[in-house]
Amino acid sequence: MVIAAGHDLSSTEAPTALTFPSSFTWGTATAAYQIEGAATLDGRTPSIWDTYARTPGKVRNGDTGDIATDHYHRWREDVAIMADLGVGAYRFSLSWPRVQPTGRGPSVQKGLDFYRRLTDELLEKNIQPVATLYHWDLPQDLEDAGGWPERATADRFAAYAALAAEALGDRVRTWITLNEPWCSAFLGYASGVHAPGRTDPVAALRAAHHLNLGHGKAVQALRSNLPSYAQVSVTLNIHHVRPHSQEAEDVDAARRIDALANRVFTGPMLQGEYPEDLLRDTSSLTDWSFVKDGDLPEICQPLDFLGVNYYTPTLVSGGAAGSSHRSDGHGKSEHTPWPAADDVTFHLPPGSTTAMGWAVDPTGLHDLLVRMGRDFPRLPLMITENGAAFDDYVDPAGEVNDPDRIAYLQGHLAAVHRAIEAGVDVRGYFLWSLLDNFEWGYGYSKRFGAVYVDYPTGNRIPKASARWYGQVARSGVLSSPDPMSD
Ligand code: IFM
Numbered sequence: 373m374v375i376a377a378g379h380d381l382s383s384t385e386a387p388t389a390l391t392f393p394s395s396f397t398w399g400t401a402t403a404a405y406q407i408e409g410a411a412t413l414d415g416r417t418p419s420i421w422d423t424y425a426r427t428p429g430k431v432r433n434g435d436t437g438d439i440a441t442d443h444y445h446r447w448r449e450d451v452a453i454m455a456d457l458g459v460g461a462y463r464f465s466l467s468w469p470r471v472q473p474t475g476r477g478p479s480v481q482k483g484l485d486f487y488r489r490l491t492d493e494l495l496e497k498n499i500q501p502v503a504t505l506y507h508w509d510l511p512q513d514l515e516d517a518g519g520w521p522e523r524a525t526a527d528r529f530a531a532y533a534a535l536a537a538e539a540l541g542d543r544v545r546t547w548i549t550l551n552e553p554w555c556s557a558f559l560g561y562a563s564g565v566h567a568p569g570r571t572d573p574v575a576a577l578r579a580a581h582h583l584n585l586g587h588g589k590a591v592q593a594l595r596s597n598l599p600s601y602a603q604v605s606v607t608l609n610i611h612h613v614r615p616h617s618q619e620a621e622d623v624d625a626a627r628r629i630d631a632l633a634n635r636v637f638t639g640p641m642l643q644g645e646y647p648e649d650l651l652r653d654t655s656s657l658t659d660w661s662f663v664k665d666g667d668l669p670e671i672c673q674p675l676d677f678l679g680v681n682y683y684t685p686t687l688v689s690g691g692a693a694g695s696s697h698r699s700d701g702h703g704k705s706e707h708t709p710w711p712a713a714d715d716v717t718f719h720l721p722p723g724s725t726t727a728m729g730w731a732v733d734p735t736g737l738h739d740l741l742v743r744m745g746r747d748f749p750r751l752p753l754m755i756t757e758n759g760a761a762f763d764d765y766v767d768p769a770g771e772v773n774d775p776d777r778i779a780y781l782q783g784h785l786a787a788v789h790r791a792i793e794a795g796v797d798v799r800g801y802f803l804w805s806l807l808d809n810f811e812w813g814y815g816y817s818k819r820f821g822a823v824y825v826d827y828p829t830g831n832r833i834p835k836a837s838a839r840w841y842g843q844v845a846r847s848g849v850l851s852s853p854d855p856m857s858d
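For the sequence shown, my numbering gives the first residue as 373, with consecutive numbering after it.
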């Protein structure tokens, strides 16, 4: 264990401080639709999320991203907050319909200028910009043409990636193609709890393949338009799937969900093939003939690191027909996001929960990192999201005290440290999220931010966790004992 200077390595006492490598990246993360607002300004056209949020009954309280946190106007203040905290990197996403309205044709200068101003300001404050190309806001016109279940969307995505790289490649070094394609494919097209709200399991599998293809094509488009020092990656919400027991049907349920959640992406992206068991498990739905000759080598492009998002583990059992959609933590739907896995039951793992009802379990992050390090030993990992929603409020002194979030972050950062000690190449950590924001189907009812946003006024109040995280980021030292070690 690497212990802060001054500690005796041979001591059996619990460590009081955990020191991260000096090159470790400390950041915060957001996404365009969740924070920008300005939905109709400067040529932006609707995305699938504008349409979905405006459809009655889809988003809690009828909330939309029309104004969100008004980051489109308050970006300078938001960068100043990050600079004050002392974080070294900021992961944000480009709004595709702001950069290239309708998803076709030339880029819009005003849209790009927004990201130029933002990234200039970040660099000025010594904060490295990390740009995600796609965090779920497909231009509505492309959905009207068939969306991700159609192959052409992958080509459109690559063309957009080229435009973005050409415009911003001189200032953004680190690029991420897709954020959590599992959500785009399976929540968007199978359970319908995300935009565009379709409920067709075959469309979801087709979407997963075309997201994979779009990723591979976008990596190539980025590489040909970026300087050679640029870093290119993808972010996956790898599910850490645990069987409820060691009974064969529970172990098999875990294998199947692992294939549908994780290996459907890591297989083609990192190994150049779809897992045999996934193809077999879903053969009653599709023969996968939408995978064409040449697609797999195109998808499997070298990456500079893998972005991993983690919030909570996934606990499953097999053998109970019709229960797969009841408690998988992604919102209520009559339709399952898990094609051909109707007999899998999702359980709430033990322990305390966040305001999302998600179990707090840092061991899941540790075990996940160790597994990824073992499965892909030459690929560095970056935690591109981790964090928690709690029911935060402003106290009479005007402050927001969020000890639960601090405890969550502390436990998860200690888990990251343990994984690094175990030899896993983890390069950085991005706290989700910088700001309270539009939490998709939950609207503004869930607060993930380190910074509280008072929605009626737009005022920002850094929470106690923001100050705590800034201190850890500045020092690179986690100064409380690792709750996982005894
Ligand atoms: O808010 C989301 C984010 O957009 C993607 N990852 C999970 C977060 C919390 O649900």
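For glycine and all other residues, C-beta sits at the position ideal for the given N, C-alpha and C. Since this is a predicted model, take the numbers as computed values, not measurements.
- For residue 738, the three-state secondary structure derived from DSSP is helix.
- Just measuring C-alpha positions, the residue of 803, 567, 614 and 443 sitting nearest residue 520 is 567.
- For the beta strand (DSSP E) assignment, the uninterrupted runs of no fewer than 3 residues enclosed by the stretch 705-793 are, from N- to C-terminal side, 717-719 and 753-758.
- Between the alpha carbons of residue 673 and residue 537 lies a gap of roughly 17 Å.
- When C-beta atoms of the stretch 594-610 are compared with those of the stretch 537-554, three or more pairs fall below 8 Å, so the two segments count as touching.
- The DSSP-derived three-state label of residue 404 is helix.
- Residues of the same chain with a CB within less than 8 Å of the CB of residue 774, apart from the 5 flanking positions on each side, are 762, 764, 835, 836 and 837 in chain order.
- About 7 Å separates the beta carbons of residue 548 and residue 756, which is inside the 8 Å limit, making them a contact pair.
- Distances between the C-beta of residue 820 and the heavy atoms of the ligand IFM include at least one below 7 Å.
- If you draw a straight line from the Cα of residue 638 to the Cα of residue 669, it is about 13 Å long.
- The DSSP-derived three-state label of residue 809 is coil.
- No heavy atom of the ligand IFM is found nearer than 7 Å to the CB of residue 782.
- The DSSP assignment places complete beta strand (DSSP E) segments of no fewer than 3 residues inside the stretch 611-687 at 613-615 and 678-681, in order along the chain.
- Taking the Cα positions, residue 388 is about 14 Å away from residue 847.
- Nearest Cα to residue 759 within the set 401, 393, 481 and 425: 401.
- Three or more beta-carbon pairs separated by less than 8 Å link the stretch 816-836 to the stretch 439-456, which places the two stretches in contact.
- In this structure, the alpha-carbon of residue 578 lies about 15 Å from that of residue 645.
- Boundaries of the alpha helix (DSSP H) harbouring residue 469: 468-471, taken from the DSSP string.
- Remark: C-beta atoms of residue 561 and residue 539 do not approach each other more closely than 8 Å.
- At least one heavy atom of the ligand IFM sits closer than 7 Å to the Cβ of residue 609.
- For residue 443, the distance from the CB to the nearest heavy atom of the ligand IFM is not below 7 Å.
- With a contact defined as Cβ atoms closer than 8 Å, residue 621 and residue 690 qualify at about 4 Å.
- The residue among 841, 510, 615 and 819 with its C-alpha nearest the C-alpha of residue 687 is 615.
- Taking residue 628 as reference, the option from 643, 611 and 641 with the minimal CA-CA separation is 611.
- A Cβ-Cβ separation of about 5 Å places residue 678 in contact with residue 751 under the 8 Å criterion.
- If you draw a 10 Å sphere on the C-beta of residue 807, you find 16 or more other C-beta atoms in it, and that means buried.
- Around the beta-carbon of residue 489, fewer than 16 other beta-carbon atoms lie within 10 Å, marking it exposed.
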